[in-house]
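Student: Residue numbers for the sequence shown, in the working numbering: 95 to 291.
Idealized CB from N, CA, C, for every residue including glycine.
Once you've had a glance at the structure underneath, I'll fire off some questions.
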Amino acid sequence: MRVGGGEARGRRLKGAAVPGVRPTTERVRAAIFNILSIEQYLDRRALDLFAGTGSLGIEALSRGAEWADFVERDRRQCAVIRENLASAGFDGQARVLQGDAVRSLASLPGGYGLVLLDPPYRMGAFHAVMESIVKQPGLLAADGMVVAGHARQTELRAAYGSLRRVILRQYGDNVVDFYLNEPRAEAATGESQGSEA
95 MRVGGGEARG
105 RRLKGAAVPG
115 VRPTTERVRA
125 AIFNILSIEQ
135 YLDRRALDLF
145 AGTGSLGIEA
155 LSRGAEWADF
165 VERDRRQCAV
175 IRENLASAGF
185 DGQARVLQGD
195 AVRSLASLPG
205 GYGLVLLDPP
215 YRMGAFHAVM
225 ESIVKQPGLL
235 AADGMVVAGH
245 ARQTELRAAY
255 GSLRRVILRQ
265 YGDNVVDFYL
275 NEPRAEAATG
285 ESQGSEA
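Put into structure tokens, the structure is as follows:
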């Protein structure tokens, strides 16, 4: 597994240390960053939830993100992320937090331009994760993007609060949804609905 683009392009990354961790493939990572506008991450903060090997967040750092936070439940995978950050040269631009992804949201600094998540396919409650992201005050920048990878069998909603799906792509059994944070649009919709009542 290698970094696909940017400053650390071609650097090898360690894979899963525990069963059940499924790193995002190089093909899908490349597709995600080909679709994203560079303004979503360049010189901005990124968050890699359910980080696994850290490959998504490291890809963001390699392509110009100024900082990335990684949240991973398993202690051994946290060690892998730290090793990968060091080998890619980004250990001074990142923090690795061990813990539950949803519970960790409240302790994160927020202001993220990009939130990346590709949790285990067997994980249920994907809707609850998306709702937790959008409900956490200040977690996302006003124009922030959430990129959610999931199995083809899992269908995400077109919107979660201020998050609106703008792109959906399928790569074999992998599906990636791109959600733009549009708090002003949500507020305007709420106001217009309220004025009609």
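Apart from the five residues just before and just after P277, which ones in its own chain have a Cβ nearer than 7 Å to its Cβ?
Tutor: A236, S256
Student: Tell me whether the beta-carbon of Y265 lies closer than 7 Å to the beta-carbon of V115.
Tutor: no
Student: Quick check on this structure: which residue in I132, A111, M95, V269 has the alpha carbon closest to the alpha carbon of G238?
Tutor: Cα-wise, what sits closest to G238 is I132.
Student: Three-state secondary structure (DSSP) at Q230?
Tutor: coil
Student: Measure the Cβ-Cβ separation of L199 and S156 and say whether it is below 7 Å.
Tutor: Cβ atoms of L199 and S156: not closer than 7 Å.
Student: Taking 8 Å as the cut-off, does the segment 164–180 touch the segment 140–149 (at least 3 CB pairs, one atom from each stretch)?
Tutor: yes
Student: With a Cβ-Cβ cutoff of 7 Å, do D271 and A242 count as a contact?
Tutor: yes
Student: Indicate whether the contact test is met: 3 or more Cβ pairs, each with one atom in the segment 211–230 and one in the segment 170–187, closer than 8 Å.
Tutor: no
Student: Could you pull out every residue in the same chain whose Cβ sits closer than 6 Å to the Cβ of M224, ignoring the five residues on either side in sequence?
Tutor: Y254
Student: Give every residue of the same chain whose Cβ lies closer than 6 Å to the Cβ of Y215, excluding the five residues on either side of it in the sequence, and list them in chain order.
Tutor: A245
Student: Less than 6 Å between C-beta atoms, sequence neighbours within five positions excluded: which residues of the same chain meet that for A124?
Tutor: G98
Student: Is it buried or exposed for G207, if we count other Cβ within 10 angstroms and need 16 for buried?
Tutor: buried
Student: So if DSSP puts L155 in a beta bridge, which residue, or which two residues, is it bridged to?
Tutor: Partner(s): none; L155 has no beta bridge.
Student: Residue range of the beta strand (DSSP E) that V260 falls in?
Tutor: For V260, the uninterrupted beta strand (DSSP E) run begins and ends at 257–265, by DSSP.
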